[in-house]
Structures are given as C-alpha cells and as structure tokens.
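Working notes for the structure below.
Number of protein chains: 2
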Amino acid sequence: MNVEIIAVGTELLLGQIVNTNAQFLARELASLGMGVYYHTVVGDNLNRLVNTFLQAWQRSEVVILTGGLGPTTDDLTREGVASALGRPLCFQEDVWQQIVAHMQRTKRPIPENNRRQAMVPEGAVVLPNPRGTAPGLAIRDAGRLAVLLPGPPREMQPMFVDHVRPLLLQMIGHGVILSRSLRVIGIGESALEEQLADLIATQSNPTIALYASLGELQIRITAKAEDEAAANLLIAPVETAIRQRIKTAIYGIDNETLPGVLGQLLKERGYQLAVAESCTGGLLGSMITDVSGSSDYFASGFITYSNEAKQKILGVSEAIIKEQGAVSAACAKAMATGARQKSGADVAIAITGIAGPTGGSPEKPVGTVYVAISAPEGDLVEELALRGERSAIRARSAKTAVNLARLLLLGELK
Amino acid sequence: MNVEIIAVGTELLLGQIVNTNAQFLARELASLGMGVYYHTVVGDNLNRLVNTFLQAWQRSEVVILTGGLGPTTDDLTREGVASALGRPLCFQEDVWQQIVAHMQRTKRPIPENNRRQAMVPEGAVVLPNPRGTAPGLAIRDAGRLAVLLPGPPREMQPMFVDHVRPLLLQMIGHGVILSRSLRVIGIGESALEEQLADLIATQSNPTIALYASLGELQIRITAKAEDEAAANLLIAPVETAIRQRIKTAIYGIDNETLPGVLGQLLKERGYQLAVAESCTGGLLGSMITDVSGSSDYFASGFITYSNEAKQKILGVSEAIIKEQGAVSAACAKAMATGARQKSGADVAIAITGIAGPTGGSPEKPVGTVYVAISAPEGDLVEELALRGERSAIRARSAKTAVNLARLLLLGELK
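Chains as they are written, first to last, in this note's numbering: chain A, 5 to 418; chain B, 5 to 418.
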C-alpha cells in the first residue's frame, strides 16, 4: 500500500522552518511497513495545492497532508482537498463548539475567522485536536484515504498516533513489518557494500539496506511476516550471516550509540574512565557524557591544549615535547598515563593531533592524530591520518578513540 | 524565475534523516529573490526519479537536486537526469583522477565502484568537491539549468555557495542581492519579532527576516540594488535602527560565531582562558576550541564530573559539596577560581548543573545550571533554569556561559 506525504506552507518553501513533519510521518509509516515514495512541499496557493493533491491521489492509496488548517485566508488545505474530491464544505456546529471551548480554556478571544476551521468536507471524519483549534480530517473515498493534519508538530504528532495510525492498521489488515539496524563503524560505505553485495542482491524477505550518516553506517534488515516471532525468525539467520562477515565492526543495534556501548562495557567491568584531550578540546568528554548515566563511569577529563598544560597538568615530560613534539605517539601515551594517574581512573583515553586548517607540516600534515589508551587490558597507541575540515577531523578523532577503547576492552586488539 | 528542489534518497523517504538540504537551499534561493514553488523527495528508484525530474523541468527554469551521487548502485541521480535530458554519460578521466587523489589523501582504498562518480552527462560542467568524492554537476539546456549536488550538507553547502550561487546570479541578470545577518543571543524569537515588528512590516528594500536555530536568532537584512555599494547604502540605516533597539544582544554578523567572538575579545586583551565543566562534560571546551586559532588563547580545561574530581583536581572544598551541593552557586564559583589557579589562566568559566533526565529534585529540578566566571574584569555567578532534553540543556548551558563571558569582558554586566 502506497502513501504520500504533502506538507503545505509557504514558510517551508522559504526555508523558514524545516519539514520535520515529513520525517515524523515517514518513520511512523515505515514502522507500519507502508511504502512512501514521495514527500512534497507546496505553498499556500490553491491551484498548486489542488494539482499536487490530485497527482498524489492518482498514484497512492493514502495521502497525508500537514499544515494549512489554520483560521486565516492563507490556510487552504480544507478548500483544496474538498474541491479536488468534489465534496462541498459544510459548517459543522459541533466542531465549532469544540473550537470555542478550546479557546475559552486557553482564555483567548474568539475571532470570527476561526469559523473556517469548523468547515468540514462532506462525509469526512473529524479528528479531535485537544492541543489546538484546528481539527484534523479523514476522508475515505473508493477504498482510498485522505488525511488532513494540522502543521504544528505538537498537535500533529499525537493526532497521528491516536487517530490516524489505527485507521491505517485497519487498512493494512494483519501481519507485521519488523526492522533491525546493525550499527557499524570503522569500514567505508562502498567497502561494506562490496562485502555484502551477494546478500543484498539475493535477499527479498528480509531485505538488507545500507545507510551512511556522520561517519557511521547502518545495516537495516527488514522482514514482513504474520507476527513478530515469525519476523524475528526471518531476521536472525541474515543477521548471523552479516555478523560473520564484518564481526566487531558492528558495535551495536537499533538505537545504541558508540559512547553508550563503551559506557556499558566500562560499567560491566566496574571501571572509571578519564580522558585527556588536545586537538579535540573537550569533544571526546562531551560525547561520552552526552550519555545519560555516564556519571557512573566517567571520572574526569583534562583539556590540555597548550604544551605547558600538557606538562603541568598531565606530567608529560619536557623531553617528549621537545624531541618528539606535542603531536606524537609518545606524547599521546604520556597524556594517557598522566590522566590515569592524576584522576585515579582505571582507563584513560588521550588524543593529540592537528585539526587544522593551520599547524600542519610536510612530516605531520593536518589530520595527523594520535590516540592512546591505557587500561588494565593493556596499552595502545594508534596514528590516524584523517581528511576534511577542522570539525570533521575532531569528530572522527573522538569517534575513533571511543571505538578503539571499545575494541581494547573487548580484547579485540592485538 | 522559478526554481524547484528535489532531494533524492530512500533514507529521507523512510524518515531516517530530515531534509535540511531543502531548508538550506530554500533560504539561499529566497535571499536571491528566486521563487520556489515545490520541494520534492523521491527515493533511489530510477523510474520515479526520472518522472519527478521531468515534471519539475517542465514547470521551472532551474531544478536543483541533492543526493544520489554516491558510488553505489543505489545512487541514481546522474543516470536519471542524463536519461531524462537524453544526454549520454561519459567516463571522464580527469574527474576520476580527482576522486583517486581525494581517496589517496584520506588514505582509503579505491573501490572500483567509485568509477561511477566520474561518469559525466555530455555537456555538463563538473563542480569540484574538495570535501568528498562526489563532484557536483551543472547542465545548461535551452536557457534552463539543472544542478546535481551531493547529499551530505558539509559537501553540498559550500558547493552551492562557491559554484551554484554565481551561476544563478548570472541567470538573474544585472543588479545584486546583498544580505547581512545580525547574530543574536539571549532574547526569544517572539520578543525579538515584537521589538522589530514595525520595521519588518514597513521595509520592502531591504527586507528583514528572522531565523531561529539552535538557541540563537539571525536577523537577515537583504537589499536589491544596482551594485554592492548601493546595496550597502540601503542596508546600513536599517542595521543601525535594529542595533539601537537590541544593542548587545547582537553578538556578531554573518558567519561570526559566539565562541569566535569571545576568542577575539580574549586575544585583544592578551588573556588566556580555562574552563571547568561538570554537566557539560567537555562541550564548552569543545565549542571554544572548534574555532581555528583558539590555541592562541585557550590554555586548558578540567572536566570534573564526580564530586571527588571537583575536590581533587580543582580544590573545591568538601564543605561546599556537603553543605551546598555540587550543583550550587558556591561550587560553580569555587570551580572557576580553582580552574584559574590550577591553569594560571586570566579568565575561567565554570559550569555545574543537572542536565537530566535523572538527578533532579523539587528544589533543584533538571535544568538547574550555575555558570561562574572569574576574570580581571570581576567575577560573576548566574543561575539558569533551562528546559528541554539533556543535549539541549547542555548546549544552552555552554552557549549561555560563552555569552556571559563575552558580556563580562565587554563591561556590559553590572
């Protein structure tokens, strides 16, 4: 069953707001296994709105519109859909009374133009809106469904969950669609696709899809089946086959994050963590403490940006700074050792490098970064050669450091 | 002149990412005075992509596509547009060499399937991509223009500004459109709109528009004129009028950032800065050191997450922790003083608070944050009551701290 999403509003066309409604609805529809082939944004213009709706109505069983249900003459979604479907708009006294009651509760005056919001296309079901004045509308027509939802996310989202989702579940009939995402780091998109090419090509239920974002990859396995247990039985062998190929590059599933997974490993081992950062300037600490509950295992961090701070605060020797430089394997190692000692933590991660755009040299170009980890499992130091802008180099340095710590604690290094 | 924006990618249709590219392009096009009547999202499907492009091509002079330029067989934008326009795709050796050079710099292996990215539709201009492997493409055809841009915002945005904007300005003909953005912090969007309502309503050249993002606001003044000097003459009096009303809430212009502006103030005064962070866990240091050249004034930072670390590393007294708690004005003050002493810096900023979702109490609910600053200009401590999720509370705490330091150094506090 195909669904289309149409967002109505000139503020979207001008880029004044971002279309998060489309994202919310797309996710919800994907979780129901409904195929969404198009999102469209159209402005507050009756002619273009009607044409956009009719095109969607021809090619999809369900069309969901958001926005344009307000009280002003700019709000044209009701009129547009009613005229496209050839249904007259009728004033409905009970709907008007609900709008009046809402405005009385919020102690607002009741402008006459709000009466427009009580106009209902013939045969439409009114979806109540406890959070605003604009009611939603659902129109069934020859086995198809048009849904009109208000634009503000805090009104639209609960209306979808409470009233539209049940309608869609009815239309779908039984059966479920289940997805599992494997989260991957340390391998490139094309390399991953090459490794899984035969699996991706031969699988149709479940399907396998790859997504890249922010230096990480996701492998999404999606199965259709009678019930959840049956869907899980379809997913399991495919997940096993993928895991056999890329092993520990998979750091987690679904909504797990890399810092969250490291936190879990630290907690299980009863370890306290410290960080020592130069070029990342606090980003590593920030990533790790962005996890709620990280105070259980995060002890402290040292942002030693200057050479002096590295010596004074972490006890890096002057000889290392002078002979090998602040960006060196030896300095990273000394920072990790110093952080572990100064904080009393069990594990320390240190990063030093050149994030650019200045500070590079032929021997140590921008993007040269050293990560050192000191832990009861052993010590390691790794040289990275990263590319990109300052912020990308910093972000990759921090992520790589977290991943190396994860692998070290898992006993997967050396 | 009409423009349409088409974003290509199944990850958008599934709601895995939000279409911020459409917002960026819509704003840029609005600032050029170009009308955008439709945004569309279509998946990685050749047939639907071709049809969507052809529809846009019939009704708009310029069609901008984002995404689908990657190396995998899912990436179909090149093929789709080339086939819609009846132009054969040719492998271009010089483009391939640039891709190879980029991957060699980033020390990645060079998968064979990246060769797809060197396929260029006949007659297309190749737009260089220093930040990734996918070059952009611009195709002129009978007075119209199709532009293909990569999907990742950090590659797409500079490519638009550097290469596409000039092409569009050429198409628009003579005259220039000039914008100046005033960057604002510490005032809400509706309050700002109220303060500027009469100016916004009466101005037509230049126009005034407000944008909110990430806890900050931008006031964008846009003028059309014969040349740059004339446009500047139109902008200047409006800028002055706005500055008279909201004064130091304007921290900078155009691409200036709040940490960059603070850095400039520190540099002018020859000050070294230290930070001491609890709930922000390194985010403040990360924000400040995200500025290139921050090593000139950023000395060091202390992430003292545990009470023990606050005492041991920063010398916060046990009495303060026991009697007033780690989340208190006294603790923030002691952290700032301790950081200044331990680092030898001239200025220290300290943050301690409850970022949530757990750890709140009736007296100190989630979002209670104390910021303390110690500087030659004097000391201050401020209590914030923030709302939102953990990451939003952390981000606002860090931004507010930077802004308070800016105002203190400017002599605008007390």
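For each residue, glycine too, the CB sits at the ideal point set by N, CA and C.
Cβ-Cβ distances below 6 Å link Met-291/A to Pro-263, Ala-402 in the same chain, with the five nearest sequence neighbours on each side left out; the list follows chain order.
Residue pairing by DSSP places Leu-237/A opposite no residue, since no beta bridge is assigned to it. Residue pairing by DSSP places Gly-256/B opposite Arg-187/B in a beta bridge.
A check of alpha carbon separations from Leu-270/B across Arg-249/B, Leu-221/B, Val-295/B identifies Val-295/B as the nearest. Taking the Cβ atoms as the reference, Thr-44/B lies roughly 5 Å from Ile-10/B, within the contact range of under 8 Å. Residues of the segment 293-313 of chain A with a C-beta less than 7 Å from any C-beta of chain B: Thr-293, Asp-294, Ser-296, Ser-299, Phe-302, Ala-303, Ser-304, Gly-305, Phe-306, Ile-307, Thr-308, Tyr-309, Ser-310, Ala-313, listed in chain order. In terms of Cβ geometry, Leu-17/B and Gly-47/B form a close pair [threshold 8 Å]. In this structure, Phe-164/A lies away from Glu-65/A, with their beta-carbon atoms at least 8 Å apart.
Under the 8 Å Cβ criterion, the segment 191-198 of chain B does not count as touching the segment 167-182 of chain B, having fewer than three qualifying pairs. Secondary structure of Thr-70/A (DSSP, three-state): strand. Listed along the chain, the chain A residues whose CB falls inside 7 Å of the CB of Pro-115/B are Ser-194, Ala-195, Glu-198. Close partners of Gly-47/B in chain A (Cβ separation under 7 Å): Tyr-41.
DSSP, reduced to helix, strand and coil, places Arg-91/A outside both helices and strands of the structure shown, so it counts as coil. Beta-bridge annotation (DSSP): Gly-39/A is paired with Asn-6/A.
When DSSP reads this structure, Val-85/A sits in no beta bridge, so it has no partner.
DSSP, reduced to helix, strand and coil, places Gln-328/B outside both helices and strands of the structure shown, so it counts as coil. Counting along the chain, Ser-282/B sits inside no alpha helix (DSSP H), nor does DSSP assign it H or E at all. By the C-beta density criterion, Ala-389/B is exposed, having fewer than 16 other C-beta atoms within 10 angstroms. Proximity of chain B to Pro-361/A at the Cβ level (cut-off 9 Å) is accounted for by Ser-296, in chain order. Close to chain B, meaning a Cβ-Cβ distance shorter than 9 Å, is no residue of the segment 322-343 of chain A at all. Taking 8 Å as the CB threshold, Ala-396/A lines the interface with chain B. In this structure the segment 207-216 of chain B does not lie against the segment 247-260 of chain B, because fewer than three pairs of beta carbons, one per stretch, are closer than 8 Å.
Your pair Glu-8/A and Val-54/A does not check out as a contact, with CB atoms roughly 15 Å apart and the cut at 8 Å. Selection Glu-159/B, Ile-225/B, Ala-150/B, Ile-204/B evaluated against Ile-181/B yields Ile-225/B as nearest (Cα-Cα). Scanning Leu-411/A, Tyr-374/A, Val-370/A for the CA closest to the CA of Arg-391/A turns up Val-370/A. Put simply, the backbone Cα of Ser-208/B is about 23 Å away from that of Phe-28/B. With respect to chain A, the C-beta atom of Lys-111/B has a partner C-beta closer than 8 Å.
Rounded to the nearest angstrom, the gap between the Cα atoms of Leu-277/B and Gly-84/B is 53 Å. Arg-144/A is bridged by DSSP to Leu-149/A. Selection Pro-380/B, Thr-362/B, Ala-229/B evaluated against Gln-345/B yields Pro-380/B as nearest (Cα-Cα). Between the alpha carbons of Ala-146/A and Val-130/A lies a distance of about 19 Å.
For Gln-207/A, there is no enclosing beta strand (DSSP E), since its DSSP letter is neither H nor E. For Thr-372/B, the enclosing beta strand (DSSP E) covers residues 372-379. Among the residues facing chain A, Ser-347/B is included, as its CB has a counterpart in that chain under 8 Å away.
Only buried fits Pro-154/A, as 16 or more other CB atoms lie within 10 angstroms of its CB.
Contact between Ala-323/A and Ala-340/A is absent: CB atoms are separated by about 17 Å, not below the 8 Å threshold.
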